[in-house]
Every structure is written in C-alpha cells, then in structure tokens.
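Here's the structure we're looking at; comments come further down.
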Amino acid sequence: MHTIVQVDQYIINSAEFAIPILDHLRNLVHKADARIEEKMKWSMPFFELKGPVCHMASFKNHCAFGFWKGSLMTDELNLFKDRTNAMGALGKIKTFADLPPDEVLMAYIQQAIQLNEAGIKLPPKPKSAEKPPLIVPQFLVDALQNDPVALRFFQNFSESNKREYVIWLEEAKTEATKLKRLETALEWLGEGKPRMWKYLKK
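Residue numbering for the sequence shown follows our numbering, starting at 46 and increasing by one per position.
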C-alpha cells in the first residue's frame with residue numbers, strides 16, 4: 046500500500062468512533078487497487094490514481110466519504126446522497142451500518158478509477174453571469190459635477206466600489222432617504238472613502 050504518515054496522524058487524531066471507520070475505508074480503497082496513492086488536500090485524506098479518485102473526512106459526530114467524479118459515475122444503488130455534488134458524497138457516516146457492503150464500495154472505487162484512466166474530466170463549472178454594465182443615475186452625476194473632489198475620487202474608484210454606491214442610493218425607499226444618502230455619499234467620496242469603508246481592516 047502507498048500510505049503516508051499524514052493520513053495515519055489524521056485518523057489517530059479523529060474522534061474515537063471515527064478511527065475504525067476511517068481505517069476500514071482506507072484499507073478498502075487500497076484493496077480496490079494497490080496502485081492508489083494517498084495525499085492530503087484541503088486538510089483531508091485524498092486517494093489518487095491518475096487524478097483524484099475519492100476522499101474521506103472526519104467530523105465531531107460523523108465521517109464522510111465521497112468520490113471526486115461522483116457526478117459522472119453510474120450510481121445504480123443510489124448511494125450518493127446529493128447527485129448535484131461532484132464529490133459523490135455517501136452522506137453522514139456514524140457507524141459501520143451506514144456504509145454499503147465492502148464489495149459494493151470497492152466496485153464504485155474501481156468505477157471511479159476507470160474514469161481517470163479513460164481521461165474523462167469533470168465538466169468546467171459554469172461561469173457566473175456577467176454583471177450588467179454600471180449605469181450611474183443622473184441625480185448622482187449632477188451632484189458629482191458640482192463637487193469636483195468627490196467626482197475625482199469616484200472616477201478613480203473600481204467599478205465594484207462605484208456599484209456599491211449606486212446600489213445603495215437606488216435602494217432608498219423614499220426621496221428623503223435618497224437625498225440623505227446622497228449627502229452622506231458625497232461626504233464620504235470627498236474623503237476618498239468607499240461605500241463600505243467602515244468595514245475595511247485598519
């Protein structure tokens with residue numbers, strides 16, 4: 046078996062109930078394919094062969110075991126608790142009774158290995174929708190034209206900082222609130238402060 050001491054330590058430092066479960070899962074993975082290698086990623090044990098195959102983790106009251114390409118696997122026995130989860134999690138494992146039979150889990154491990162050996166990759170994550178172009182409301186444009194210092198700082202801000210001011214002003218429910226916020230915005234802009242300046246680390 047290609048084992049590493051970091052995984053030994055991870056298991057030893059786990060909750061008492063988790064130690065035999067993690068040991069069993071680890072041995073099962075290596076039994077499924079002797080070529081499997083261990084690595085620590087994101088502070089948890091990963092099992093790899095031509096890429097990530099599966100991983101395990103322990104928590105205060107349960108363990109977890111999942112497949113890196115679970116979303117691409119054939120889950121005939123409906124083991125995966127969340128099909129939208131690319132890691133193919135088996136759900137919370139608190140006792141051995143929560144695990145599928147050894148031969149079933151080994152078959153899943155071998156299926157995951159076959160995906161790697163075939164060079165099948167996870168589809169790229171969809172790109173987040175692009176934000177619409179920033180449109181500065183006319184009332185803010187007019188106010189900035191009359192305050193050259195605030196205008197200069199506003200123009201030099203990043204688009205995200207500009208957008209925070211615009212959203213804050215446009216979310217005002219009443220005209221009075223909008224005017225009050227505009228007055229505050231011009232004051233902060235005149236000092237070169239972004240909208241969320243109070244929350245910036247000093």
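All residues carry an ideal CB built from backbone N, CA and C; glycine is no exception.
Report task. Kindly indicate which three-state DSSP category valine 98 falls into: helix, strand or coil? Result -> Numbered from its first residue, the sequence shown carries residue 98 at position 53. Correct three-state label for valine 98: strand.
Query raised in the report: So, using beta-carbon positions, are isoleucine 66 and phenylalanine 125 closer together than 8 Å?
Result: The residue labelled residue 66 in the question sits at position 21 within the sequence shown. The residue labelled residue 125 in the question sits at position 80 within the sequence shown. For isoleucine 66 and phenylalanine 125, no; Cβs fall outside 8 Å.
**Report entry** DSSP three-state assignment for glycine 115, whether helix, strand or coil
**Finding:** As a working note, residue 115 is residue 70 in the sequence shown. Helix at glycine 115.
Query raised in the report: Which value, in whole angstroms, describes the spacing of the CA atoms of glutamine 54 and methionine 85?
Result: As a first step, residue 54 is located in the sequence shown; it is residue number 9 there, counting from the start. As a first step, residue 85 is located in the sequence shown; it is residue number 40 there, counting from the start. C-alpha separation (whole angstroms): 11 Å.
**Report entry** Sub-8 Å separation of glutamate 209 and proline 182 beta-carbons
**Finding:** Counting from one through the sequence shown, the residue named residue 209 turns up at place 164. Counting from one through the sequence shown, the residue named residue 182 turns up at place 137. Contact: no.
Query raised in the report: Going by C-alpha distance, which of Glu82, Ala152, Glu228 is nearest valine 50?
Result: One-based indexing of the sequence shown puts residue 50 at position 5. When each option's Cα is compared against that of valine 50, the closest is Glu82.
Report task. Would you be able to state if there are at least three C-beta pairs under 8 Å between the region 155–167 and the region 99–117? Result -> The way I'd put it, the region 99–117 does touch the region 155–167; three or more beta-carbon pairs between them come closer than 8 Å.
Query raised in the report: Alpha carbon to alpha carbon, how far is serine 103 from lysine 139?
Result: Counting from 1 along the sequence shown, the entry for residue 103 is found at position 58. Counting from 1 along the sequence shown, the entry for residue 139 is found at position 94. If I take the Cα positions, the gap works out to 10 Å.
**Report entry** Neighbourhood of isoleucine 165 by C-beta distance below 8 Å, restricted to the same chain and skipping five residues each side
**Finding:** The residue labelled residue 165 in the question sits at position 120 within the sequence shown. Same-chain partners within the cutoff: Lys114, Leu117.
Report task. Label glutamate 228 either buried or exposed according to how many other C-beta atoms from any shown protein chain fall within 10 Å of its C-beta, with 16 as the threshold for buried. Result -> Counted from its first residue, the sequence shown places residue 228 at position 183. Exposed: under 16 other Cβ atoms inside 10 Å.
**Report entry** Cβ pair leucine 144, methionine 101 closer than 8 Å
**Finding:** Taking the first residue of the sequence shown as position 1, residue 144 is located at position 99. Taking the first residue of the sequence shown as position 1, residue 101 is located at position 56. Going by beta carbons, leucine 144 and methionine 101 fall outside the 8 Å limit.
Requested in this report: Measure the C-alpha to C-alpha separation of aspartate 68 and valine 74 and round it to an integer number of angstroms.
Outcome: Numbered from 1 along the sequence shown, position 23 holds the residue referred to as residue 68. Numbered from 1 along the sequence shown, position 29 holds the residue referred to as residue 74. Roughly 10 Å separates the two Cα atoms.
Requested in this report: Verify whether the separation of the beta carbon atoms of alanine 134 and lysine 105 is less than 8 Å.
Outcome: The count along the sequence shown starts at 1 and reaches residue 134 at position 89. The count along the sequence shown starts at 1 and reaches residue 105 at position 60. The criterion of a C-beta distance shorter than 8 Å is not satisfied by alanine 134 and lysine 105.
Query - Where isoleucine 212 falls, given that 16 or more other Cβ within 10 Å makes a residue buried - result: Counted from its first residue, the sequence shown places residue 212 at position 167. That one is exposed.
Query raised in the report: Would phenylalanine 199 pass as a contact of proline 239 if the rule is Cβ separation under 8 Å?
Result: The count along the sequence shown starts at 1 and reaches residue 199 at position 154. The count along the sequence shown starts at 1 and reaches residue 239 at position 194. No, the pair does not count as a contact, with Cβ atoms beyond the cut-off.
Requested in this report: Measure from the alpha carbon of leucine 33 to the alpha carbon of each residue in Leu245, Phe184, Met151, Arg197, then state which is nearest.
Outcome: The structure shown does not extend to residue 33, since the chain is modelled only from 46 through 247, so no value can be given for it.
Query raised in the report: Looking at leucine 231 and aspartate 192, is the spacing between their C-beta atoms short of 8 Å?
Result: For the purposes of this step, residue 192 is taken as the residue at position 147 of the sequence shown. For the purposes of this step, residue 231 is taken as the residue at position 186 of the sequence shown. In this structure, leucine 231 lies closer than 8 Å to aspartate 192 by Cβ.
**Report entry** Cβ-based burial, leucine 234 [other Cβ within 10 Å; buried from 16]
**Finding:** For this step, residue 234 is matched to residue 189 along the sequence shown. With 16 or more other Cβ atoms within 10 Å, it is buried.
**Report entry** methionine 89 versus Met46, Val52, Lys76, Arg80, residue with shortest Cα-Cα distance
**Finding:** As a working note, residue 89 is residue 44 in the sequence shown. Measuring from the Cα of methionine 89, the nearest candidate turns out to be Val52.
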